[in-house]
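Presented below is the structure to which this report refers.
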Amino acid sequence: MRQHEDEWTGLMRSAISGDSAAYHRLLKTVTPVLRAAARRGLARAGQPVDQSEDIVQDILLAVHLKRHTWDINAPFAPWLFAIARNKLIDALRRRGRRVFVNIDDFSETMASEPAAETAPASEVAAQLQSLPARQREVLQSIAVDSASIKETAAKFAMSEGAVRVALHRGLAGLIAKLREH
Amino acid sequence: METDQLIRTLAADNAHQARPVGLVLALALLAAAPASVAIFFVGLGVRPDVMTAMRNPFFDLKFAVTLALAIPAIAISLHLSRPEASLNGWRWLLLIPAGLLAAGLSGEMMMPQRLPMMTRLIGNNSWVCLVAIPLMSLPLLAAALIGLRHGAPTRPAVAGAIAGLLSAGLAATLYAAHCADDSPLFVATWYTIATALVAAIGALAGSKVLRF
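So the sequences go chain by chain: R and W.
Under this note's numbering, the first residue of the first sequence is numbered 3, with each subsequent residue one higher.
Under this note's numbering, the first residue of the second sequence is numbered 34, with each subsequent residue one higher.
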């Protein structure tokens, strides 16, 4: 487990210094851990565990938009679990439960749990529809069509800089809408 | 959107680097400061006998106390802008202004008194103090909350209360230049009530606007 965490910290350091591939790998690696913790939290609150995917996506968005608050000299896991715990509590509260999530929930689930049935996430997709057209198109091009920034720029006759701006604004807009929701 | 698709989108946005919270907080406070300073000069002004007052150690102590509140509160609020932060090990910083005040109180008690205790306690300005400090705090509190919103405080009410202490400390530093009541007894009573009020407003506002 220590080894996992050191690996995460290394990946996040590379990500912050501009390595998008390391960032992609890090997010892929932590997602099953976040999913297991979300399922556990839902189970404890007496909620259907197959609703975990919306929580996972909510956590990933928060990790992304708040990653500048991570201190590159600190281990990554405690920071990640603090964000995840905050989002999980928030999600359970919105479902009408007042619950307290122990931070150990996250470390315990590090040993990967078997994959189980999970309903597809719907909240991010729903909020995507309410974004301004340009931001939505850019996000869909990159997310759904797997296009790169460059390809997306060519497709919409935009500069790469404009695509980056639309992408970031779109993601920030999604977070804001999910919070109001 | 599937989670893998979301992850790909986030990775594509990796190049976007947000400004550090400390920078955003500093810029917001600098932008709000003129509003508080304007309230000070329009509504209060520096006391006329300021040159003589500066030779009174109790006048100077007021600035030491208010800055000893504001500066640690800035440090603590920056610390709390990180999600995994706890108050442990930082709480004691808030005892510095209290310690200074206690030292001032005992110092004053050991000196021969020109004024009776109740006069020193009530002073001439207690209502002005209770109104002016919170009023001058509000622009700074709003700025501090904007700065902290850029962070990821997982205890929004606590972070908001610290933002309240920060702004009250700065506002009280301004107010101290106006106020003719220098007795530590006055400071310990009225400045503290005004500060507690701002901290409560900060906690309430923080619990609303600092969630992320």
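We put the CB at the ideal spot given by N, CA and C, even for glycine.
Cβ-based contacts, 9 Å cut-off: residues of the region 34-68 of chain W near chain R: So the close ones are Met34, Glu35, Thr36, Asp37, Gln38, Leu39, Ile40, Arg41, Thr42, Leu43, Ala44, Ala45, Asp46, Asn47, Ala48, His49, Gln50, Ala51, Arg52, Pro53, Val54.
Residue burial classification, valine 70 (chain W) (beta-carbon count within 10 angstroms, cutoff 16): Numbered from its first residue, the second sequence carries residue 70 (chain W) at position 37. By the beta-carbon neighbour count (other beta carbons within 10 angstroms, threshold 16), valine 70 (chain W) is exposed.
Chain W contact for tryptophan 81 (chain R) (CB, 8 Å cutoff): Your numbering for residue 81 (chain R) matches position 79 in the first sequence. It does: the Cβ of tryptophan 81 (chain R) has a partner Cβ on chain W nearer than 8 Å.
Own chain residues within Cβ distance below 6 Å of alanine 185 (chain W), not counting five before or after: As a working note, residue 185 (chain W) is residue 152 in the second sequence. Pro116, Phe245, listed in sequence order.
Members of the region 177-205 of chain W near chain R, C-beta cut-off 7 Å: Gly184, Ala185, Thr187
Beta carbon of alanine 106 (chain W) nearer than 8 Å to that of leucine 133 (chain W): Stepping through the second sequence from its first residue, residue 106 (chain W) is reached at position 73. Stepping through the second sequence from its first residue, residue 133 (chain W) is reached at position 100. No, these two residues do not count as a Cβ contact at 8 Å.
8 Å Cβ cutoff met for alanine 236 (chain W) and alanine 175 (chain W): The count along the second sequence starts at 1 and reaches residue 236 (chain W) at position 203. The count along the second sequence starts at 1 and reaches residue 175 (chain W) at position 142. The answer is no: Cβ separation not under 8 Å.
Stretch-stretch touch, CB-based, cutoff 8 Å, three pairs: the region 62-80 of chain W with the region 159-172 of chain W: yes
Cut-off 8 Å between Cβ atoms - residues of its own chain near leucine 44 (chain R), not counting five sequence neighbours on either side: Within the first sequence, residue 44 (chain R) is the residue found at index 42, counting from 1. For leucine 44 (chain R), where only same-chain residues beyond five positions count, the Cβ hits under 8 Å are Pro50, Val51, Gln53, Ser54, Ile57, Leu94.
Within-8 Å CB hit, asparagine 88 (chain R) to chain W: Here residue 88 (chain R) corresponds to residue number 86 of the first sequence, with the count starting at 1. Taking Cβ atoms only, chain W reaches closer than 8 Å to asparagine 88 (chain R), which makes this a yes.
Ordered list of alpha helix (DSSP H) runs contained in the region 8-91 of chain R, each at least 4 residues: Within the region 8-91 of chain R, the complete alpha helix (DSSP H) runs of at least 4 residues are 22-46, 54-67.
Asparagine 157 (chain W) versus W:Asp214, W:Ala209, W:Ala103, W:Arg147, residue with shortest Cα-Cα distance: As a working note, residue 157 (chain W) is residue 124 in the second sequence. It is W:Asp214.
Short-range partners of chain W found in the region 60-77 of chain R, where Cβ spacing is below 9 Å: So the list reads Leu62, Leu63, Ala64, Val65, His66, Leu67, Lys68, Arg69, His70, Thr71, Trp72, Asp73, Ala76, given in the order they occur along the chain.
Proximity test, Cβ basis, 8 Å: alanine 113 (chain R) and chain W: Looking up residue 113 (chain R) in the first sequence gives position 111. Reliability fails at alanine 113 (chain R), whose pLDDT of 49 lies under 50, so the model's placement of it is uncertain and the value that follows must be treated cautiously. Cβ-Cβ to chain W under 8 Å: no for alanine 113 (chain R).
Straight-line gap, methionine 142 (chain W) to serine 216 (chain W) (C-alpha atoms, nearest Å): Translated into positions along the second sequence, residue 142 (chain W) becomes position 109. Translated into positions along the second sequence, residue 216 (chain W) becomes position 183. Straight-line Cα distance between these residues: approximately 10 Å.
Rounded straight-line distance, which links the Cα of lysine 95 (chain W) to that of valine 83 (chain W): Sequence index remark: in the second sequence, residue 83 (chain W) carries index 50 (1-based). Sequence index remark: in the second sequence, residue 95 (chain W) carries index 62 (1-based). A straight line joining the alpha-carbon of valine 83 (chain W) with that of lysine 95 (chain W) spans about 13 Å.
Neighbour flag for arginine 166 (chain R) against chain W, beta carbons, 8 Å: Here residue 166 (chain R) corresponds to residue number 164 of the first sequence, with the count starting at 1. Yes - at least one Cβ of chain W is within 8 Å of the one on arginine 166 (chain R).
Separation of valine 32 (chain R) from alanine 113 (chain R), as counted between CA atoms: Position 111 of the first sequence, counted from the start, is the residue given in the question as residue 113 (chain R). Position 30 of the first sequence, counted from the start, is the residue given in the question as residue 32 (chain R). For alanine 113 (chain R), the pLDDT reaches just 49, beneath the cut-off of 50, and the residue's location in the model is therefore unreliable, although a value from the coordinates is still provided. Straight through space, the alpha carbons of valine 32 (chain R) and alanine 113 (chain R) are spaced by roughly 11 Å.
Neighbourhood of leucine 58 (chain W) by C-beta, 6 Å cutoff - its chain only, sequence neighbours within 5 removed: Against the second sequence, residue 58 (chain W) aligns to sequence position 25. Shown here for leucine 58 (chain W): same chain residues with a beta carbon closer than 6 Å to its own, the five before and five after excluded, namely Gly180 in chain order.
For isoleucine 85 (chain R) and valine 65 (chain R), the rounded distance between their alpha carbons: Looking up residue 65 (chain R) in the first sequence gives position 63. Looking up residue 85 (chain R) in the first sequence gives position 83. For valine 65 (chain R) and isoleucine 85 (chain R), the distance between alpha carbons rounds to 7 Å.
Leucine 94 (chain R) in three-state terms, based on DSSP: Translated into the one-based positions of the first sequence, residue 94 (chain R) becomes position 92. In this structure, leucine 94 (chain R) counts as helix in the three-state DSSP scheme.
For leucine 138 (chain W) and isoleucine 177 (chain R), the rounded distance between their alpha carbons: Within the first sequence, residue 177 (chain R) is the residue found at index 175, counting from 1. Within the second sequence, residue 138 (chain W) is the residue found at index 105, counting from 1. Taking the straight line from one Cα to the other gives about 50 Å.
Lysine 89 (chain R), buried or exposed, once every other Cβ within 10 Å from all chains shown has been counted against 16: The residue labelled residue 89 (chain R) in the question sits at position 87 within the first sequence. Lysine 89 (chain R) is buried by the Cβ-count criterion.
Buried or exposed by the 16-neighbour rule on C-beta atoms within 10 Å, applied to tryptophan 223 (chain W): Counting from 1 along the second sequence, the entry for residue 223 (chain W) is found at position 190. Tryptophan 223 (chain W) is buried by the Cβ-count criterion.
Straight-line gap, isoleucine 151 (chain R) to threonine 42 (chain W) (C-alpha atoms, nearest Å): Indexing the first sequence from 1 puts residue 151 (chain R) at position 149. Indexing the second sequence from 1 puts residue 42 (chain W) at position 9. Computed Cα separation, rounded: 10 Å.
Aspartate 93 (chain W), DSSP secondary structure in three states: As a working mapping, residue 93 (chain W) is identified with position 60 in the second sequence. Aspartate 93 (chain W) falls in the helix class under three-state DSSP.
Buried or exposed (CB count within 10 angstroms, at least 16 for buried), threonine 11 (chain R): As a first step, residue 11 (chain R) is located in the first sequence; it is residue number 9 there, counting from the start. Classification of threonine 11 (chain R): buried, given that the 10 Å Cβ count is 16 or more.
C-beta neighbour in chain W for leucine 29 (chain R), strict 8 Å: Position 27 of the first sequence holds residue 29 (chain R). With 8 Å as the cut-off, leucine 29 (chain R) counts as an interface residue toward chain W.
Residue closest to leucine 56 (chain W), alpha-carbon to alpha-carbon, out of W:Asn47, W:Ser110, W:Pro189, W:Ile40: For this step, residue 56 (chain W) is matched to residue 23 along the second sequence. Closest by alpha carbon: W:Ser110.
8 Å Cβ cutoff met for glutamine 5 (chain R) and leucine 39 (chain W): Position 3 of the first sequence holds residue 5 (chain R). Position 6 of the second sequence holds residue 39 (chain W). In this structure, leucine 39 (chain W) does not lie closer than 8 Å to glutamine 5 (chain R) by Cβ.
Presumed contact (8 Å Cβ cut-off) between alanine 65 (chain W) and proline 172 (chain W), rounded CB distance: Sequence index remark: in the second sequence, residue 65 (chain W) carries index 32 (1-based). Sequence index remark: in the second sequence, residue 172 (chain W) carries index 139 (1-based). Contact holds; Cβ gap of about 4 Å.
Alpha-carbon to alpha-carbon, leucine 180 (chain R) and arginine 171 (chain R): Reading the first sequence from its first residue, position 169 is the one you call residue 171 (chain R). Reading the first sequence from its first residue, position 178 is the one you call residue 180 (chain R). Distance between the alpha carbons of arginine 171 (chain R) and leucine 180 (chain R): 14 Å.
Among W:Ser119, W:Pro81, W:Glu35, nearest to arginine 188 (chain W) - alpha-carbon criterion: Your numbering for residue 188 (chain W) matches position 155 in the second sequence. Nearest option by C-alpha distance: W:Ser119.
Cutoff 6 Å; reference leucine 133 (chain R); Cβ partners in own chain excluding five residues on either side: Translated into the one-based positions of the first sequence, residue 133 (chain R) becomes position 131. Counting only Cβ-Cβ distances below 6 Å, and skipping sequence neighbours, we find Gly172, Gly175.
Test item: CB-CB of glycine 239 (chain W) and leucine 178 (chain W) under 8 Å: Here residue 239 (chain W) corresponds to residue number 206 of the second sequence, with the count starting at 1. Here residue 178 (chain W) corresponds to residue number 145 of the second sequence, with the count starting at 1. Contact annotation: glycine 239 (chain W) and leucine 178 (chain W) have beta-carbon atoms nearer than 8 Å.
Residues within the region 106-134 of chain W neighbouring chain R, beta-carbon criterion of under 7 Å: Ser114, Arg115, Pro116, Glu117
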